[in-house]
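In full-length UniProt numbering, the protein residues as written are 1 to 113.
Heads up, the beta-carbon is just placed ideally off N, CA and C, and yes, glycines get one too.
Note that this is a predicted model, so its numbers are computed, not measured.
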């Protein structure tokens, strides 16, 4: 599988930016990526005061490369960039394996557990 990391540094981000990123994911981003062709899944990850990241896994290298090329063209104007104030680091990677545990997956824009 073919992964892509898009990570914004939160080191110098404005106060409250992580909450605004949560709101953006919940109100817009989650639905947008639910229908992205070639995407197996996307995870939004964060470490408060450190970074915010979109982690993508695609069905093929071609799907990842096409998304990456398109995103790189518009990264400076991406909603995450506007909220955080810096452009992201974009890094492709290979996914060795994914396992679905007995608790399964929960797809939601926002949940606490």
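Asked: Just how far apart, CA to CA, sit residue 61 and residue 95?; Found: 11 angstroms
Asked: Please work out which residues of its chain come closer than 8 angstroms, Cβ to Cβ, to residue 10, disregarding the five sequence neighbours upstream and downstream, and give them in chain order.; Found: 17, 18, 46, 47, 48, 49, 50, 51, 52 and 84
Asked: Please state the DSSP three-state secondary structure of residue 79.; Found: helix
Asked: Where do the N-terminal and C-terminal ends of the alpha helix (DSSP H) with residue 20 fall, by residue?; Found: 17-24
Asked: Give the C-beta separation of residue 24 and residue 39 to the nearest angstrom, bearing in mind that I take them to be a contact with Cβ-Cβ under 8 angstroms.; Found: Not confirmed; about 18 angstroms, so no contact.
Asked: Per DSSP, residue 55 forms a beta bridge with which residues?; Found: 5 and 43
Asked: Grouping DSSP H, G and I as helix and E and B as strand, with all else coil, what is residue 72?; Found: helix
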